[in-house]
Amino acid sequence: MSVVSVSFLLLACDYSATQQTTPVPQSTAKADVTIEITNDGFNPASITINKGQTVEFVNRDSALHWPASAMHPTHSEYPTTGGCVGSSFDACHGLQNGEKFVFTFDQIGTWKYHDHLNITKFGSIEVK
Ligand SMILES: [Cu+2]
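Number 92 in UniProt numbering belongs to position 92 of the sequence shown; there are no gaps in the numbering.
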């Protein structure tokens, strides 16, 4: 190998190193859609988003509300594990007034959810 081609390889390596981007921490990610929770339930209850988009649930009620994947009581409809009562789509506790639960949907499908503390309140999120 000639000196010239070795130099070129070194330059190529330097170039690729400067092109790396720093991942944005999850905590600073901005939500694409906000769903408010009131005494009447989720608003909007049913939405359509694209794969990889982030939804934030915000409690606007004085009572606690706990968004979680359907189906109560197994909560396993959303296909990734890692939450507290079933799937990873799980706030893991009752949200207080003003508190947010932020979740990024990386699975395509129509995902029903409910308020784990009041199962008469529910909605669905279509991920395309
Ligand atoms: Cu539940």
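Backbone N, C-alpha and C fix where the C-beta goes; we use that ideal spot for every residue, glycine too.
- In the assembly as shown, Asp40 is an exposed residue. Its beta-carbon has fewer than 16 other beta-carbons within 10 Å.
- Taking all protein chains in view, the Cβ of Ile108 is surrounded by fewer than 16 other Cβ atoms within 10 Å, so the residue is classified as exposed.
- The nearest non-hydrogen atom of ligand 1 is 7 angstroms or more from the C-beta of Val55.
- In this chain, the beta strand (DSSP E) harbouring Thr34 covers 33 to 38.
- For Asn50, no beta strand (DSSP E) run applies, since DSSP gives it neither H nor E.
- When Phe105, Ala70, Glu36, Tyr78 are compared, the shortest CA-CA separation from His116 is found for Ala70.
- With respect to the C-alpha of Ile37, the residue from Phe89, Ser62, Thr54 having the closest C-alpha is Ser62.
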